[in-house]
Amino acid sequence: MTMVAHILATTLGVQALGLHGRDAALAYAFGVGVDVDHAIKAPFYLRAIGLRDRKGYYWRSSLQEPVALLWIAPLCLFLGTVVPLLFFTIHLAMDYSVSFEKMPLYPYSRWVTRGWLTGIPDRTKERALLAFLVAANLLLWWSRR
Amino acid sequence: MMQRVMDWFARPVVRFVHLRLGLSPDRLTWLAFGASAAAAAAIAFRQVGAGLALMAAGQVLDGLDGGVAREFGLASERGHRLDTLLDRASETLIFLGFAAARLVPLTLALATIIAVLLLTTVCDRSGFDPGMKRVALYFGRWVPYPALFTLIFGVNLAAYVIGLLVIDCRFQLRMDALGGDLDTVASRAAAGEPSAISHQPSAIGWLGARGAARGPGTPEPSRPRGKLTADG
């Protein structure tokens, strides 16, 4: 799922729940910031592919797989808030609706899945979700003015 | 190198406990656990000084088991597992002891225990363990225990996340080496991996150096801290 979609979904959640300060920062960190692992994979891409644009590269890491719930849950216990868990789960749900390969439990399991709604083209899902998120954000923003 | 130097210094004690006292590495491991359990009980009754002294005794015994195993060629994978298991059990009891004494909140103690256990699940494979567990508790005279527990929690959880990323990067090298259809590269690499809980051998890069040095199918090397112990 694109970064824009994650930002819109997180913004919608932050607005809807009325989050501010630390909780809003946590929401963006776990709703959007976990995509930082793409930066970690960038040197690998450059090494393997070079500067060419090649679709299908495995940009994911366990930072944004369900296995990360293992460390996010105790972090929530430590921080005394469920915001990281909630926004990370939203991030996961969005990513798993796009049909590229994912390893949800690596390194504990080698299970590979393509997620859900694989029968619907990715582009259709992404466009529909983007349209919904833009509309919902605008509606919420307007209703609270 | 460091391990060899430490072994050299500990050699007379190691020989004494094994040859004179007849203690095997496993017995030393269990004795260390007994001392740690006693430490946890003392701390729970707010005898923190005595508890820390017992904890120190437990850590010394814990250090000797690996020394005896190496010195007398008694190292085994089963001993290593027992040592790790009892180390984590010791930490769990000690951390709960601090919670029972109300020196730290129970949720903080539980979160810290979980962080330490999580790191244990990947540190052999990632090769990354900062070793910040019980040792921080000795600073309780100068630093409040909640701050020390927060430090232990943070360091171990961060090390766990870093360990996961190191393992991921090794797997990425494996996928990059496969090449071909990128849309199926994860499933192809996963299918070719010897075991989900073993090192992936890799020929390129520092990330794959540990795996490449042993080659596929060879067993896990002992940890640098030398915790391998022998069967009874």
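Protein chains in written order, with the numbering used here: chain A, 39 to 183; chain B, 18 to 249.
Built from N, CA and C at the ideal position, the CB exists for glycine as well.
These figures come from a predicted structure and were not determined experimentally.
Strictly under 7 Å for the Cβ-Cβ distance: is residue 39 (chain A) near chain B by that measure? Position 1 of the first sequence, counted from the first residue, corresponds to residue 39 (chain A). So, not an interface residue.
Spatial neighbours of residue 67 (chain B) within its chain, please: CB distance less than 6 Å, with the 5 preceding and 5 following residues excluded, ordered by chain position. Sequence index remark: in the second sequence, residue 67 (chain B) carries index 50 (1-based). Result list for residue 67 (chain B): 59, in chain order.
Helix, strand or coil at residue 40 (chain A) according to DSSP, with G and I counted as helix: Along the first sequence, one-based indexing puts residue 40 (chain A) at 2. It is coil, neither helix nor strand.
Validate contact between the region 82 to 98 of chain B and the region 130 to 138 of chain B using beta carbons, cut 8 Å, 3 pairs: Using a C-beta cut-off of 8 Å, the region 82 to 98 of chain B makes no contact with the region 130 to 138 of chain B, since fewer than three inter-stretch Cβ pairs fall below that distance.
Per DSSP, residue 156 (chain A) forms a beta bridge with which residues? Locating residue 156 (chain A) in the first sequence gives position 118, counting from the first residue. Paired residues: none, contrary to the question.
Check for me: the alpha helix (DSSP H) holding residue 91 (chain A) runs from which residue to which? Locating residue 91 (chain A) in the first sequence gives position 53, counting from the first residue. From DSSP, residue 91 (chain A) is part of no alpha helix (DSSP H); its letter is neither H nor E.
Short check: CB of residue 192 (chain B) to CB of residue 183 (chain B), under 7 Å? Looking up residue 192 (chain B) in the second sequence gives position 175. Looking up residue 183 (chain B) in the second sequence gives position 166. Their beta carbons are not under 7 Å apart, which means residue 192 (chain B) does not touch residue 183 (chain B) by this criterion.
Does any residue of chain A have a CB that is nearer than 7 Å to the CB of residue 185 (chain B)? Start at 1 with the first residue of the second sequence, and residue 185 (chain B) comes out as number 168. Taking Cβ atoms only, chain A reaches closer than 7 Å to residue 185 (chain B), which makes this a yes.
For residue 103 (chain A) and residue 140 (chain A), which I take to be in contact (beta-carbon distance under 8 Å), what is that distance rounded to the nearest angstrom? The residue given as residue 103 (chain A) occupies position 65 in the first sequence. The residue given as residue 140 (chain A) occupies position 102 in the first sequence. Their Cβ separation, rounded to whole angstroms, is 7 Å, which keeps residue 103 (chain A) and residue 140 (chain A) in contact under 8 Å.
What are the residues of the region 64 to 86 of chain A that lie near chain B, defined by any Cβ-Cβ distance shorter than 8 Å? 75, 78, 79, 82, 85, 86
Mind checking which residues open and close the alpha helix (DSSP H) that includes residue 47 (chain B)? Along the second sequence, read from residue 1 onward, the residue named residue 47 (chain B) stands at position 30. It spans 42 to 61 - the alpha helix (DSSP H) in which residue 47 (chain B) sits, taken as one unbroken run.
Chain A within 7 Å of residue 192 (chain B), Cβ atoms only: Taking the first residue of the second sequence as 1, we reach residue 192 (chain B) at position 175. At a cut-off of 7 Å between beta carbons, residue 192 (chain B) contacts chain A.
Restricting to Cα atoms, I'd like to know which of A:50, A:149, A:167 is closest to residue 209 (chain B). For the purposes of this step, residue 209 (chain B) is taken as residue 192 along the second sequence, with counting starting at 1. Here the closest residue by C-alpha is A:149.
Provide the residue span of the alpha helix (DSSP H) that contains residue 192 (chain B), from first to last. Translated into the one-based positions of the second sequence, residue 192 (chain B) becomes position 175. Unbroken alpha helix (DSSP H) run through residue 192 (chain B): 162 to 195.
Is DSSP giving residue 188 (chain A) helix, strand or coil here? Nothing can be reported for residue 188 (chain A), as the shown portion of chain A is limited to 39 through 183.
Per DSSP, cross-strand counterpart(s) of residue 140 (chain A): Locating residue 140 (chain A) in the first sequence gives position 102, counting from the first residue. DSSP output for residue 140 (chain A) lists A:151 as bridge partner(s).
For the region 172 to 183 of chain A against the region 65 to 80 of chain B, do three or more pairs of beta-carbon atoms, one drawn from each stretch, fall closer than 8 Å, so that the two count as touching? no
Using a 10 Å radius around the Cβ and a threshold of 16 neighbouring Cβ atoms, would you call residue 84 (chain B) buried or exposed? Locating residue 84 (chain B) in the second sequence gives position 67, counting from the first residue. Label assigned to residue 84 (chain B): buried.
For the alpha helix (DSSP H) holding residue 143 (chain B), just list the boundary residues, first then last. Within the second sequence, residue 143 (chain B) is the residue found at index 126, counting from 1. From DSSP, the alpha helix (DSSP H) with residue 143 (chain B) extends over 123 to 143.
Exposed or buried, residue 87 (chain B), counting other C-beta atoms within 10 Å across all chains shown (16 or more means buried)? As a first step, residue 87 (chain B) must be located in the second sequence, where it is residue number 70. It is buried - the Cβ of residue 87 (chain B) has at least 16 other Cβ atoms within 10 Å.
Beta-carbon proximity list for residue 175 (chain A), same chain, < 8 Å, skipping 5 on both sides: Walking along the first sequence from the start, residue 175 (chain A) turns up at place 137. 46, 49, 50, 53.
C-alpha distance - residue 33 (chain B) paired with residue 141 (chain B), whole-angstrom precision: To locate residue 33 (chain B), count along the second sequence from 1; it is residue 16. To locate residue 141 (chain B), count along the second sequence from 1; it is residue 124. As the crow flies, the alpha-carbon of residue 33 (chain B) is around 30 Å from that of residue 141 (chain B).
Anyone know if the C-beta pair for residue 44 (chain A) and residue 74 (chain A) falls short of 7 Å? Taking the first sequence and counting its residues from 1, one reaches residue 44 (chain A) at position 6. Taking the first sequence and counting its residues from 1, one reaches residue 74 (chain A) at position 36. No, these two residues do not count as a Cβ contact at 7 Å.
Under 7 Å between C-beta atoms, does residue 130 (chain A) make it to chain B? Here residue 130 (chain A) is taken as the residue at index 92 of the first sequence, counted from 1. Not an interface residue.
Quick one: Cα of residue 43 (chain B) to Cα of residue 107 (chain A), how far? Reading the second sequence from its first residue, position 26 is the one you call residue 43 (chain B). Reading the first sequence from its first residue, position 69 is the one you call residue 107 (chain A). When rounded, the distance between both Cα atoms is 35 Å.
Compute the beta-carbon to beta-carbon distance between residue 82 (chain A) and residue 189 (chain B), rounded to the nearest angstrom, for a pair I have assumed lies under 8 Å. What you label residue 82 (chain A) is simply residue 44 of the first sequence in a count that begins at 1. What you label residue 189 (chain B) is simply residue 172 of the second sequence in a count that begins at 1. So it is a contact: roughly 5 Å between Cβ atoms.
Given residue 78 (chain B), which residues of its chain have a CB within under 7 Å of its CB, disregarding the five upstream and five downstream residues? In the second sequence, counting from the first residue as 1, residue 78 (chain B) sits at position 61. For residue 78 (chain B), where only same-chain residues beyond five positions count, the Cβ hits under 7 Å are 45, 48, 49, 52.
Is the region 169 to 188 of chain B touching the region 141 to 157 of chain B in the sense that three or more CB pairs, one from each, lie closer than 8 Å? yes
Return yes when the Cβ of residue 112 (chain B) is within less than 7 Å of the Cβ of residue 126 (chain B), no when it is not. Taking the second sequence and counting its residues from 1, one reaches residue 126 (chain B) at position 109. Taking the second sequence and counting its residues from 1, one reaches residue 112 (chain B) at position 95. Result yes, Cβ atoms of residue 126 (chain B) and residue 112 (chain B) sit closer than 7 Å.
How far does the alpha helix (DSSP H) with residue 209 (chain B) in it extend, from its first residue to its last? Translated into positions along the second sequence, residue 209 (chain B) becomes position 192. That run of the alpha helix (DSSP H) goes 202 to 209.
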